[in-house]
Each structure stands twice: as structure tokens, then as C-alpha cells.
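S.K.: The structure is given below, and queries will be raised subsequently.
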Amino acid sequence: MGITLPILILALPFTMFLILGIGGVKMSRKLAGTLGILANGALAVMAYIVAFTYFFSGEAQFILDGVRQQVQLFDVTWLAFTERMVVNIGFLLDPISAMMLVVITTISFMVHLYSWGYMEHEPGFQRYYAFLALFTFSMLGLVVATNIFQMYIFWELVGVSSYLLIGFFYKLPSAVSASKKAFIVTRFADLFMLIGILVLSYYVSHTPADGPLGGASAFNFMMLNAQPTNVLASTLGATFLSGSVLTWAMILIFVGGMGKSAMLPLHIWLPDAMEGPTPVSALIHAATMVVAGVYLVARFFPLYCIVPDSLTFITVVGAITAFYAAVVACAQIDIKRILAFSTISQIAFMMVALGCAYNEPIEGVHYSGLGYMAGMFHLFTHAMFKALLFLGAGALIHAVHSNDYTKMGGLRKYMPITHITFLIGCLAIAGIWPFSGFFSKDEMLAAMFNRHWFWGAWMTMVAGLTAFYMFRMYYLVFWWEENPEYKTSHHKPHDAPWQMSLPLIILAAVSCVAGFIPFGELVTYNGEPYHIHIEAPVAATSLTVAVLAIGLATAMYVKKNPWPTRLKNMFPALWQAAHRRFYWDEIYMFITHNIIFNIICRGIAWFDRHIIDGAMDGMAAVTNWCSVRIKGMQSGTVTAYVRWYFIGAVLLAAITWICLL
Amino acid sequence: MDYSQFGAMLPELIILGIFLIVFCTDTFGGEGARKILTPFTTVLFGLATVAIWIIPSNAEPIFGGMYVDTTACKAMKAMLNVGVFIVLLQSAKWTDSDEVAIRKGEFYELMLVTLFGMYLMISARHFLLFVIGLESASLPLAAMVAFNKKHYESHEAAIKYILTAVFSSAILLMGLSLVYAFSGNGSLYFDDIRVALTGEAPSGLLIAALAFVIAGIGFKLSLVPFHLWTADVYQGAPTAITAYLSVISKGSAAFAFFVIFVQAFGSMYSVVWEWMMYAVIIATITIGNLFAMRQKNMKRFMAFSSISQAGYIMLGVMTESALGLGSMMFYIFVYIVSNLAVFSVISAIERKTGLVGMEDYDGLHKTNPWLSFAMTLAMFSLAGIPPFAGFFSKILIFTSVTASDSMALYMLVLVALINTIISLYYYLLVVKAIWINPGEAKVEGFRSSGAERLALWICVAGIIFFGLVPYIYQYCVDMALPMFN
Amino acid sequence: MDLTILWYIVPSVIMFCAGVYGFCTRKNMIALLISLELMLNSADLNFIVFNRFLFPGTMDGMVFTLFAIAIAAAETAVAIAIIINIYREIGNTDITSVKQMKF
Amino acid sequence: MFSNLLIWFVIVPIIMMAGLACCGNSNMKAIRAVMVTCSTVLLGMAIWLVCEFLRLRGAGDTSEMLFQGSWMWYEPLNIHLAVGVDGISVLMLLLSAIIVFAGTFASWKISPLPKNFFLWFALLSTGVFGFFISIDMFTMFMFYEVALIPMYLLIGVWGTGRKEYSAMKLTLMLMGGSAFLMLGLLGIAWHSGSAGVPEWNILQIAHNNSIDPSWQNLLFCFTFVGFGVLGAMFPFHTWSPDGHACAPTAVSMLHAGVLMKLGGYGCFRIAIYLLPSAAQELSWIFIILTGISIVYGAFSACVQTDLKYINAYSSVSHCGMVLFAILMLNQTAMTGGILQMLSHGLMTALFFALIGMIYGRTHTRDIRQMGGLMKIMPYLGVCYMIAGFASLGLPGMSGFVAEMTIFFGAFEDSDLFHRIFVIAATCSIVITAVYILRVVGKLILGPVQDEHHLSLTDASWWERLSTVTLIVCLAGIGFFPNWINETIQNSFVPIVNALQAAI
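Chains as they are written, first to last, in my numbering: chain B, 38 to 698; chain Z, 15 to 499; chain D, 80 to 182; chain F, 73 to 575.
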């Protein structure tokens, strides 16, 4: 494969961003929308070609002896810090990046299409498409990064596109503050990532230039991943708080991923990010950007494996987050928030799967890279059904003009397409056979049970919670009790126009069949194919739990009944805490606003104005004071002048004389 | 006695000649002559200035070494002449005013006599000649200070001046008498004294002698603490006289100071008077600045400014080298044009409106843009801002001071440099008044007389080009070199 | 009795100090002039004495004194003229009342 | 003399002044014509110089400075008018030309006294250009001071707010700095000269390298503090907020954009290059100070409500980064420092231009009284956001390149002391994001605060030209940093060698 397609894949969305961003003001909506959709369609086609070529062409550069290879299609120097630390911009093709290309362009295309209907009447339509193009560009750049620094560059860019899109409705203060929050929290996480990169690249670049690590730039993924033991060796001898430096570096880099992927405790931005337009939430905050953290871990997997402590850290963070988000999701009333917490929980699921994927053989288990494959598989299926759910939620909001499920209820009669597709999405996420979520979740749970029974059990419980809250939402929206306003209002809720329905249908179809993709043949940690087989005990357990949870939800929510309220009143504190997301936002607000802003910043500003500035003004004041104090010398009488004169002369002599004695 | 020796005193003779011509014209010329006296004197003096620039110097000492017109002396005299010429130009209109017109001959005569005295000071290599020069430079000045007969301030200034002047000459004579005691062979030639003092241990009496001499000449230079008369005299005297006092009198005294302390007391440098001057310079710069900060009257303000400038000039003395002398002469020359530019503006405005307060300059740029422009440049030059000449003179003198590798001198320069901040502050106050202060202009727009404008143009040209064109400095150093060979 | 140099120097110093003291304490301008005269004369005395005792073969000090006396006379003349002017203006010759310009 | 290209960088502004002097007092057309012509010529010359420089380097000319010329000025003191450029000065000249160009358009409608304004403005640019072309310390210092003083009048006459106080404070503090600087230069000159003749030529001094180490330490402190004052180093930065807040638009642009760079440039060109062993020994003191600057400026900026104060404190932080990078004494970090200078110069000039334009419309700079400007003046709003992103280090903008180069370079010093300060410095990227987004959120986005603002107009053509120039440059560096990076890195070779030799 030449380099034309890879370059076009990056250049096309960026060009679109420039065209729509600069010329958009002068364009009609129709033109801008058409341009955006066409460009994205072309992009999707190109990405499919690339991915298809990679997976199925059988070219020797892509698959050698049955092992899938990593290929840098191009890699040009962008900036050279030192001879060993060179930042390249390139295009890395390997199983996960090819998979991500497909995911990103597909979802992006769906969202472009969908937005044409959804955003039709919003001002700034052209700007919206420009931002979408920018995001697509950044995300593609991120996944095809050949080195950690390129990834960091695009990592920041997706952050900015996310900021711009969350704050798209810039006249709403809530949207503005949500976008700000999203950017700053992720930026805070990126700080750690940057430090991690600094540490890693420092040690790698300080190995001998002709040594094993000397071949390429110290940032290069292929070089680093190919020889994790040498990387570890380069950092040996330096430890920090009894952990090896590599462990720390990898954990720091992972913290960046925690920020983007909204892991506890850096998750607070994601629910607020729902202030953005719903299609944006589907694209960025469900399917693509938020899984960047997972992708990062997968990208650096060999290095994480060489320092297992970091994988344990990932597992623990993921497990806690998954449970936390699932619990919170049970107590939300805003459907987008529910979906947001569901996203957090599902991403945490993937994290745990990756964390559980040791690649050294553990007793009784032949293949331990399972978690890696499963995590990626889930990333893929989750992207599809979560985008579906978000777009469905968008259709609901479009119809009802509210995010709140209390304003909904009984919508199944009014919006049949939305209803069916939404149901498919719910079934998929709950892990019901034969929907895609079942397969990926099964593999993940199997990997967790392999690692330790505790993780398996814990995550099975989370899966149950997932099924419960999803169906709680489903019932509350589509069943429960019909909102009486529908009957009276002029505009009865109805299904969305075709631009919006079509993506729903496509994604629903994908969610139905994606589980049967032989994913293990395509994406594995070492490129060797792996044949997926259902682990019967695990599958049975998780399926049972899911069905039970759905049953519980059905019992509670299918028709209007007082039980949910009673339950809520039974544990008011628990409900309140879960509803308020266990007060994380309040804690952050206290720290940032009261401590950092009010005490530190104001303190420093005060110090600057009064002490530092005061010192400068003080010097002037002292000079002036001296000037006033000595003015008596110039008293106006000659005799006094002469007195000074004489005293001066005598003193001059006397002091010199004394000094010389 | 060989009377042809007088031929070597060409500069003095020229001044004397002009004095006689002016005196005769004034005395015997009657009403008509008095009318043309101003242009006549000015032109005559201008010619003399040119003449003094071009006549060759005579390095041969005459009268047994009492008098010598070295290249440096001649250059200094020429520079002073330029200053005097500018003063004459800027005072031309003033001398035509009703109050002064009838006495303007006296004004010129007195001025020429003082100039003659200064020439003697510069060229003197014997203390007797020096004292004569000093006194003839300072006594007529008292009369000039008192020139505004109808203004009380003028008299007050004059009495303060004369009393302090006499006191200082008493101190100086006392000091010289002690020096005389040390002279070894009873000779008051500078060279003999240097020879006599070489190897002399600094006794209390000698230290007192040097302190008294410093005090005596310090009076002319208004070094702190011998400066207290300055402000009052500058404020009270007619502006033309103030201008004359502040640059010409100070410049000649500085040169004489250098000659005396290097030629006569050079061997006492590092033992005694280096430290005396160290203290005096720091005090001069600092106290001058501290007082100048608060002044509201422009003339008084310029008095303190000139005190602090005197401190900078004295830095040249600390070098004891040709480079130092050259830098000092250059400083004096630049100081002459900068300061006279300020006084030209002050006198033009005072003559037109009678206003000399700093607050009267508020908004001047609206009515008199050219005067404002000249004043601004002059202030920048005095403050030492490039690309104006004042910057170069300051930096070059600092450079020559630090030539010797002495930490003490570095610290002295540091103090001087820090003081430039204070001086910048008050110079900027004037700039601020002119350009920034709000409110209506208090001075009406007016057109200065031709002579005033010529004076200003010369000054502004000097301010702009003296620094950028290196020849003046080169000339000063070249002229200074022979003195040290 | 042998008249050593000290016999002359001591009075000279006393004269000088008296002059300075007088100048600093008296208020009448004429008195100030007289004090100054004392100081100048003490310097003159010094010159003569040093010439006579230290360098008996030369005349420099003597000549210097002559000139100094002449200069002192001129100074006094100018000063008196100015004092007269002042007297015309303010009606007295009290130096402490001549301090309009200050600070 | 006139065949040397560099000297024309000083001559053209002087011609500009002469041309302005010939214009009528309020003949705006003529004044603008002179300004636009000359600033365009300067920009063209700067671009040409860069091309020519790269061509010569490409052709294998490896001498340390190109386009050298030296003419005796003050012979007794061996002072020359010596010019020469390396890659860094070439870029700084380009930066200055760009900002002068943009500043001309940003002050299109200056009043009152337009002629005088541009006269002082031209004098200021003379100083700036002269500084960057000089390789003689004396001329360098002279031009340095030439650039400082017009600030007083420019702020005092055309400024706003407490302009007199601020102008005076700025001038006096900078003069205070240059007092120390002057002494340092004198020491360097005399100690590296021979036989009573001082040496002022930077290359020659570096070549001689004959300054006694004990003197070096003293002189290093003097020169670094002297330049550091202009580089807004803590605790000598307080002129910056007040000065910038009160200055008129173009002056803020030029001052923050170029003049503050004189400080950083001088720090490495004189303090570090000429006094390498002292730099090795004493850099820690200034690393502490600049480290404080970075974090301190950023935190201070978080609570300001005046747009210009925010930007001024942000400048303190960013310029602190410049000095910080230079003090790391290795090639990468120093390169980053220069990149940061360029980046900060362009970015902050853009900021001040925009603030000036916004202020010209709303007559307030208080962010509490404004809001939702994106709706009212979308062009300015977008530009402000771009400037903000450049400031917080968005990839694709120059700030990112600069900061990353600094961090990666600074991380090369492996002892704990350096590490702690590097990590503290990296924290600034978060704090910067906080204050930038705070302003953007309040000012550009959000609901319209004041109904009267709804009738305001968007940018005019000259304002667009001014901002577009700067944005293109910002993005240009951000997208294609490597040629600049290489140019700078190569120029640091002699300095780094001197530092290596001094260990």
C-alpha cells in the first residue's frame, strides 16, 4: 500500500476543517452539510480500504507467517528535540489502529449524517461541521500515531475539539462551564502523561546510541514495544518510592488515559460534557475519544506487561470506577447522564480486561492475552451500541425537548423505530445473546476470571447492574406511564427524519451482528490469531445475572407503580448520594474554588500587589522620605550654609585622617 | 622679562581684546552704540570662538611655568566659548528689555571678565595665578547675580553668593597656606608641589590642607556639602546668569580641579584624596538628586540637577588618566549644550510670560511644540538616554572610571548608575508636565526670537550629534593625551 | 625669648577659628564681613610665617599675601555694595531675615 | 558600511522617523503611508534576511555570525558599531518586523498626536532592531536603552488608566535594571580586554574567555539581573502588569512582543555566553527565581479581572519560562527558550492587539462587564480563542512546540533540583489552561452581559490584517517548527561549547 491513502485520511478531515472553519461563514447550511457528509463518507471508504487491505490482503508487510505486523506507512520528522528525541508524524498500521480507523470513521459518518437532521435549526451549523471535521482529524491522528509524542499531540487536539464541541451552545453558561471543566480536567491528567513521557524518553534516549534502543527516536512505539526488557533495563538503577522508574512512568502515562477515559477520580467532566449536542456525545463521549485511554494502554501493552504493578493499578482503578459509575447510573434522571455513567462504567470494564491480561502464562491457562483481545473487542462493540444509544437518546430529546425521563414515558407508540433500535442497544449493552455486547463481555469476564476469581465476580456484578440501569431507563422512557402532555400538545412526539433514523438502523444492525465477527482472528496483542470460543460457565453466569437484572427492572418499571419511590424513601441517604454522584463534584469544587482559587491565587495576587509591588513603591517612598527629611539642610540662611560647609570640610579631613591612622 | 611671552596667551588676549572693544563701545559709543551692542558683542564673540578653535595651542610654559596653554586647556577654553556664545544668544532678547537695556554693557563686560578669569584658572600651573583666576571668575559673578536690581530674589541670591564665595576663598587660602608649608622649597608651582609631596606620609595637616582645597574649589563646582548656595543663587539670579553659572563656571572649575589634583597632588591620590572624593562624589550625586526630586521652580530644579551632574563630572577626576580627562571634557561639553538647551527654553518662556514653575509647563506641547521638543531632548540628554549625547558622555565617563581594576571604583559607578534612576525620575517629571499632564496650557503659543532659536538649534544639534558622531570625544581624548606624556 | 613659628601659627589658628565662629553666629552682615576678613588674614599670616620661617630665601608667600589682600579688598567692596542693596530692599542688614528662598 | 544589509534595519526606521517628521501634524494619510511603507519594507527585509541567511548556511558558511560588519566608533575605548547575526538574531529580527508591521495596523486610528506617536514608535523599533543586529556590547546596550525610553511617553501620553504612575514605574524599574546591566558590561569589557583597552565585541570576548572566575560570578549576577528585569523575572516583574495595562495597543504589542525578548536574548547572549563558568555555578539562583515566575505569574493571572492584567501576568509566566529554559544551559532547552520567545512574542502581541480592539469598542477591559462577544464580534472572538489556545499550548500553535522543547530539554538535567523545578514548570500548562479558559468563557462565550454591546461592529480591514498576520505566523511555527528549531539549535552550538568548556 502506498502512502497516498494514509496521507489523505489525515489530510481530508483537516482540509475540511479549514474550508468549513474559514469559509463556513459564507456558505449555506446545505453546502456545508453536504460537503461535510461527503468528505466523511469518502473518509470512511478510504479507512475501510486501508483496514480491509491490512486485514485481508495477505500482503507480506501486513501479515508474515500468520502473524500480523506493525507497519509504519510513513513517518516524517516534525521536530527534533535532540538527536535521540525526534518527534515524527506518521501513520502506524497494526490491528488496533486499523480497527480504530473503522470505528472512528463509521461512527463519525453516522454522526455527520444524523446531525444534518438533529442540528438543522441550530445557528452555527457550519461551525459545527468544521469542529466535527477537526475532531475526526485529531482522533485519526491519535490512533495512527507512530510515537508517543505524536499521540500526545493529537491527544491534546482531541481535547480541544471536545472542548469546542461541548461548548457548542456557547450562549448557555452551563455549556461553557462544562466545556471548560472537560478541558481542564483532561489537561490536568495530561500533565501527568507529559511527565510520564518525559521520564520514559529521558531514560530511553540516554542509552547508548548504538545499543538496542538506539535505532529510532526514543518516542517510537514500535521500537519501544519491540523490546520492553531493554526499556526496563534502561531505567534500572533509578527507583522512586520503591517502585521502578518504568512503573512510575507507565502509571503516569496511564493517568493521562484516566483523564480522557474518565476514570475515577478524574471522571467528573464526562457527565457534564453531556451539555454538548447529543450527536457529539455519541461520537466523542461514547465511542471514540473516551476510549483513548484504553487505546493508550493497548498501544503500550508490552511495556505495561513488563511492569505488572502498573497493570494491577489499572485493574484496581477500572474495577472501582466500573462499580461506582454503575451505581450512580441507577440514580440519575437525565437520560444522557445515565448513558454517560454507563459509558464510564463500560470503559472501566475494558480497562479491567486489559489490566487482567498478563501475557506471561499463568497456571492452567494457555492464553493470557485474552483480556487484551476482549478489551479491544468490547471497545469495538461498545462503540457501536453506545453510539446507537446516544443517537437514540438524541432522537428522544429531539422529540420531547427534554433530557429528563420524567418528561417521557410511553414513547414506544409514538416512536417505533427509535424504540426498537434503542431496545437493541440496551440488550447489547446488557450482554444478551446474540447481541454483540454478549460476546465481548463474555470474553472479558473470562479473562478476569482467569486472572482471579474476585475480579470476575466483581465485574459480573457490575454487568448485572448495567443490565438493571439500562432497562430501568428503557422502561421509564418507553413504558411506565405516558406523559399526558403528548395527547394535548400540537406536536406529538414522532420518529426522527430519515437522516436521523438511518444511522440508528445501521448501528442497530451492526450491534446485532458484530458479535459474530471473528475478532480474535484480527486483533490480538501479538498479532497471532486467536480463536474465540464461548466460555460456557462464564457465559451462563453472566447471562443469568443479566436476565435477572432485566427481570428486576421489568418488575419495577414496566408500569407506573409506587415501588421505586418507596425504595428511594427507604434509603434516602444512599439515593441522595448516588444521585449527587457521591459528591465528587462538590469535593472538586471545594478544592479548586475555595482552596486553589480563593486562597492560593488570591493570596499570590495579593502578595504581588502589596508585598512585591509595595516593595517597589516602598523604595520610591523611602527615597521621597529621605528627600523630605534632608530638606532642612537647605534652610535659606547663609550662616547655616557655611556651618555645613565648614563642618563638611573638617569632617572630610577628620574622617580621612582617622581612616589613615 | 620677555614680553613676547604674552603672545602665547592668545585666548586670553582675544577675550581681553573683546572686553576692551565692548567696554569702549559701551562707554564712549553713546545711545546708538548701545542699540547695536548686543549683536555686535555676539558676533564678535562668535568670531572669537571660531578663532580660539582654530588657533594652535602652545605647549611651551611661559612665565616660568605659571601659565601653559596645552592642547587640553585650549580645547576646554574653546568649548567654554561655545557655551558662552549660546548664553549670549539666548540672553540677547533679555538684554534688550527695558530694565536691562541701559546696563547691558556691564553685563557683557562682567561676563567677559569672568571668562577671562576662568581661562586663567584653566591654564594656571601656579597657585597664585590660579587664585587670581578663581577670584576674578567669581567676584564679578556676584555683581551679575545681583543684576536684576528690581527683584529682591536677585539681591538675596547675590548676598548668599558673595558671602559663601568669600568664605570659600578664605578656606581655600587657608588650605593653600598649609600646602605652601609642605612645598619643600617654597614654590607654589604645581610641579614643584608634586615633587615635594612624593613620598610624603600623609600627616594630619596635609590631609586638612587637601580637604580645604577640595572645599574651596568644591564651592565653585557646588559639590556637597559645599553646594548649599547653589540652589538659592540659581533661583534668584537672572536666567542668563544662572545658565552661565551652571555650565561655564562649573566646567572651568572642574577642569582646574582635575589639573590641580592630578598635577599638584597626584602623588597623594590613592592615599588621601581618592577617598575624600569618593565620599564627596557619592554625597554630591545623591543629595543633589534627592533635592531635585521635590523642586517645583525650574531654575531651582536645574540647580540641583547641576549639582548632581557635577558629581558625575567629578568621576573623571577619579581616573587620573588621559582617558578620564578626555571623558570629563566630553562630559562637560555635552553638559554645556544639554543644560543650555534647557535654559534657553526656560529663559524664552520666562521672558515671554514670567513663568518658571514646573506646573506652568503643563500641556506646553499644545502651544509650543518646538520648545517642548527641545526641552524633551534636553531632559533625555541630561538623564543619559540614548541616542542623545548625554548617554554617551555618562557611559564613556563610567567606562574610563572602571578602567582601573578597583572594586571600589566599580561600586562608585554602581552608586552613580543607581542615582541615574532618581535623576531620570525628576527629568521625566518635566517631560511629564509638558506632554502628559492634563489641562490647558498656561503658556500661550509664541514665536521665540531668532537668536533664541539659533541658540536652541545649536544645542539640539549638539544633543543629537555629539554622541553619534565620535569625533568630539576623539578630539577630547586626543587633546587630553599630551598632558600625561 | 625665642619667637618660634608657633607664636605666629597659634594666633593665626585662633583668628581663623574666631572668624568661622563669628561667621556662623553673627547676624549682622557687616559683622560677617569682618569675620571673613579675620579668616582671610589668618591665611595671609600663615603664608608670611611659613615663608619667613620655612623658606627664608624666597618671596612666594609674601607675594601671595599681597595679592590675597587685594582680592580680599575687592571682595569686601562687592559684598558691601550688595549689602547696601539689601538694606534698601528690606531695611536692615540682618542675615537671618534674608531667607526667602529655601528648601 | 551601507552595503551591509543589517545596518539598514536601523536606517529604515530612521528614515521612517525622518519621513514622519516631514508629515503634517494630523495628516493621517501621509503618516499612515510612511508607516505602512516602512514597516512593509522592514518586514520584507527581514524575510529576505532569513532566506539569505538560510541560503548562506546551506551553502556551507559556518562562521558563527553572518553578515558581519564592524566600524570603529569610539576609538579611545575600542567601541565599534559591530553588527552580525546568527540564526537566533535573524529570527528575532523577523519577529520584530512582524510585530512592527502588525502594530502599525493595530494603531491605525491612534489619537491624539498621531505623528508624535509614530515617531516614538519608530524610535522604539530602531532600538529593537539595533539591539538584535549588534554584536558589540556597547552598541547593544545603547540600542537597548533607545528602546526603553520611548515607552515612557508612549504610555504616558497615549495610555489609559493610571498611566502616569505606570509609565514612571516601568521606566524607572527598567532603568534600574540597566544600571546593573551597565556595570556588568563594563566589567566584562575591561576584564576581557588587554593592556588598558576594553573589548566590547561579543565574539572576541567569547573567544578570549579571559575573565577571572571570581569576577565572572559578580558580573553574571549583574548582567542577568539587568536583563532579567526586562525579562520580567520575579521579583522584578511588577512593572509589567501596570505598564501593560496602561499602554496603548501597539505599544503593548511591541513591548510584550519584542521588548521583553530583549531581556531573554541578552541573558544568553551576554550573561551566559560570555560568562560561562559563572553561569554553570550560579544558574541555580535564577532557576529558583524564574521557576517562581512561571508558577506565580500563572496563579496571579487566574484571579485578575482586567484583560490586560491577565495577559501581563501570563507574560510574566511565559517569559519566566524563557529565562528558565535558557538557564538550563543545554542546547535543547535553550532552543526551546528561543522558540518560546518567538511564540510568546507573536501570541502576546495578538492578545494585546485584540484586547485593544475590544477595548476600543466596549470601553472596558473588565471581564465582569463583558460577555458573549462571540455573538457580537465573531471575528475578534475567534481570534481571541486562537490566541488563547496558542497561549495554553495547543499543538499546531507555536506555544506547544516551544513549551515541549523546553520541558524535554530541561529534563536532561538529571539532578533532583532541576527535576523539581521542571515539574513545577510543567504544572503551568494546567494553570495556563485555567486562566485562559476562564477569560474565554466569560468574555467570548456565555450570554451577552451588556445590551449596549449588541450594536458594536466587528473588526475592520486593518484590524483583520494585523491579526491575520500574527495568527498565520503562530500557526506557521506550530505546524512546521523544524526548520526554525534547526536554525536555532545550530546557533547555540558555540554557546553550548563555551558552557561545556567551563565545567
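Just so it is clear, CB atoms sit at the ideal spot from N, CA and C, and this is done for glycine as well.
How many whole angstroms separate the CB atoms of A255/B and M122/B, which I take to be in contact at a CB cut-off of 8 Å?
M.R.: Correct: roughly 5 Å between the Cβ atoms.
S.K.: Can you pull out the residues from the stretch 660-674 of chain B whose beta carbon lies closer than 7 Å to at least one beta carbon of chain D?
M.R.: Taking 7 Å as the Cβ-Cβ cut-off against chain D, the residues of the stretch 660-674 of chain B that qualify are K668, Q671, S672, G673 and T674.
S.K.: Within the 8 Å Cβ cut-off, does F204/Z reach chain A?
M.R.: No chain A appears in the structure shown, which is made up of the protein chains B, Z, D and F.
S.K.: Anything in the stretch 462-474 of chain F with a Cβ closer than 9 Å to a Cβ of chain B? List those residues in chain order, please.
M.R.: For the stretch 462-474 of chain F, which is checked against every Cβ of chain B, the residues closer than 9 Å are L464, G465, L466, P467, G468, F472 and V473.
S.K.: Helix, strand or coil, according to DSSP, for F182/D in the structure here?
M.R.: Reduced to three states, the DSSP call for F182/D is coil.
S.K.: Restricting to runs no shorter than 4 residues, where is the alpha helix (DSSP H) found entirely within the stretch 280-354 of chain Z?
M.R.: Listed in chain order, they are 288-306 and 312-333.
S.K.: Straight-line CA distance for N303/Z to T63/Z?
M.R.: Rounded to the nearest angstrom, the two C-alpha atoms are 33 Å apart.
S.K.: Once the 5 residues before and after L191/F are set aside, which same chain residues still bring their CB inside 8 Å of it?
M.R.: Around L191/F: M89, L92 and A93.
S.K.: Could you tell me which residues DSSP pairs with K596/B in its beta bridges?
M.R.: The partner list for K596/B (beta bridge, DSSP) reads W517/B.
S.K.: With contact counted as at least three CB pairs below 8 Å, one residue from each stretch, are the stretch 336-354 of chain B and the stretch 286-306 of chain B in contact?
M.R.: Because the criterion of three Cβ pairs below 8 Å is met, the stretch 336-354 of chain B and the stretch 286-306 of chain B touch.
S.K.: Leaving aside the five residues before and after P249/B along the sequence, list all residues of the same chain whose C-beta is less than 6 Å from its C-beta, in chain order.
M.R.: Cβ within range, chain order: Q264 and N267.
S.K.: Using the C-alpha atoms, what's the distance from V162/F back to L121/F?
M.R.: Taking the straight line from one Cα to the other gives about 7 Å.
S.K.: Counting only beta-carbon atoms, is A658/B nearer than 8 Å to chain Z?
M.R.: By this cut-off, A658/B is not an interface position.
S.K.: Sort Q572/F, G465/F, G199/F and M137/F by Cα distance to E217/F and report the nearest one.
M.R.: If we check each option's Cα against that of E217/F, G199/F comes out closest.
S.K.: Reducing DSSP to helix, strand and coil, say where L488/B ends up.
M.R.: The amino acid occupying residue 488/B in the given sequence is Arg; Leu does not appear at that position. Residue state, collapsed to three classes: helix.
S.K.: By a C-beta neighbour count over all protein chains shown, 10 Å radius and 16 as the cutoff for buried, is K336/B buried or exposed?
M.R.: With the sequence shown as reference, residue 336/B is identified as Arg, and Lys is not the correct amino acid for it. Under this definition R336/B is a buried residue.
S.K.: Leaving out five residues on either side along the sequence, give the residues of the same chain with a beta carbon under 7 Å from the beta carbon of V331/B.
M.R.: These residues qualify, in order along the chain: S298, I384, M387, M388, L391, G412 and L416.
S.K.: Please determine whether the Cβ atom of I113/D lies at a distance below 7 Å from any heavy atom of the ligand PLP.
M.R.: No copy of the ligand PLP occurs in the structure displayed, which carries no ligand at all.
S.K.: Given this structure, state the Cα-to-Cα distance separating F294/F from V659/B, to the nearest angstrom.
M.R.: So the two alpha carbons sit approximately 23 Å from each other.
S.K.: Using the beta-carbon count (16 or more within 10 Å), is T41/B buried or exposed?
M.R.: The residue in question, T41/B, is exposed, as its Cβ has fewer than 16 Cβ neighbours within 10 Å.
S.K.: Report the residues of the stretch 442-473 of chain Z with a CB closer than 9 Å to any CB of chain F, ordered along the chain.
M.R.: Taking 9 Å as the Cβ-Cβ cut-off against chain F, the residues of the stretch 442-473 of chain Z that qualify are L442, L443, V445, K446, W449, I450 and N451.
S.K.: Could you check the C-alpha separation between V550/B and W600/B for me, to the nearest Å?
M.R.: Each residue's alpha carbon lies about 37 Å from the other.
S.K.: Can you list, in chain order, the residues of its chain with a C-beta nearer than 8 Å to that of I478/Z? Leave out the 5 residues immediately preceding and following it.
M.R.: Counting only Cβ-Cβ distances below 8 Å, and skipping sequence neighbours, we find L391, P401, F402 and A403.
S.K.: Using 8 Å as the limit for Cβ to Cβ distance, is F412/Z near chain F?
M.R.: Yes - at least one Cβ of chain F is within 8 Å of the one on F412/Z.
S.K.: Which residues in the same chain have their Cβ closer than 6 Å to the Cβ of A62/F, if we skip the five residues on either side of it in sequence?
M.R.: Lying outside 73 to 575, the shown extent of chain F, residue 62/F is not represented and no answer is given.
S.K.: Which residues of chain B have a Cβ atom closer than 8 Å to the Cβ of T178/Z, listed in chain order?
M.R.: Under the 8 Å cutoff, chain B gives V675, Y678, V679 and Y682.
S.K.: Determine, using beta-carbon pairs with one atom in the stretch 74-91 of chain B and one in the stretch 197-210 of chain B, whether at least three such pairs fall under 8 Å.
M.R.: No contact exists between the stretch 74-91 of chain B and the stretch 197-210 of chain B.
S.K.: Where does G655/B land, buried or exposed, given buried means 16+ other C-beta within 10 angstroms?
M.R.: Label assigned to G655/B: exposed.
S.K.: Beta strand (DSSP E) containing N72/Z: first to last residue?
M.R.: Unbroken beta strand (DSSP E) run through N72/Z: N72 to I76.
S.K.: Considering only the alpha carbon of each residue, which of S114/D, A158/D, F182/D and L119/D lies closest to K174/Z?
M.R.: Here the closest residue by C-alpha is A158/D.
S.K.: To the nearest whole angstrom, what separates the beta carbons of I165/D and H165/Z, a pair I think is in contact under 8 Å?
M.R.: Actually they do not touch by this definition, with Cβ atoms about 12 Å apart.
S.K.: Can you tell me whether G200/Z is buried or exposed, with buried defined as 16 or more other CB within 10 angstroms of its CB?
M.R.: So G200/Z ends up on the buried side.
S.K.: For N171/D, is the classification buried or exposed, using 16 other Cβ atoms within 10 angstroms of its Cβ as the cut-off for buried?
M.R.: It counts as exposed.
S.K.: Let me know if V82/B comes out buried or exposed under the rule of 16 or more other beta-carbons within 10 Å of its beta-carbon.
M.R.: Burial call: exposed.
S.K.: Going by Cα to Cα distance, which pick from K408/Z, L378/Z and L385/Z is closest to A469/Z?
M.R.: When only C-alpha atoms are compared, the closest one is L385/Z.
S.K.: Taking the Cβ atom as the reference point for each residue, do P25/Z and Y133/Z lie within a distance shorter than 8 Å?
M.R.: Going by C-beta atoms, P25/Z is nearer than 8 Å to Y133/Z.
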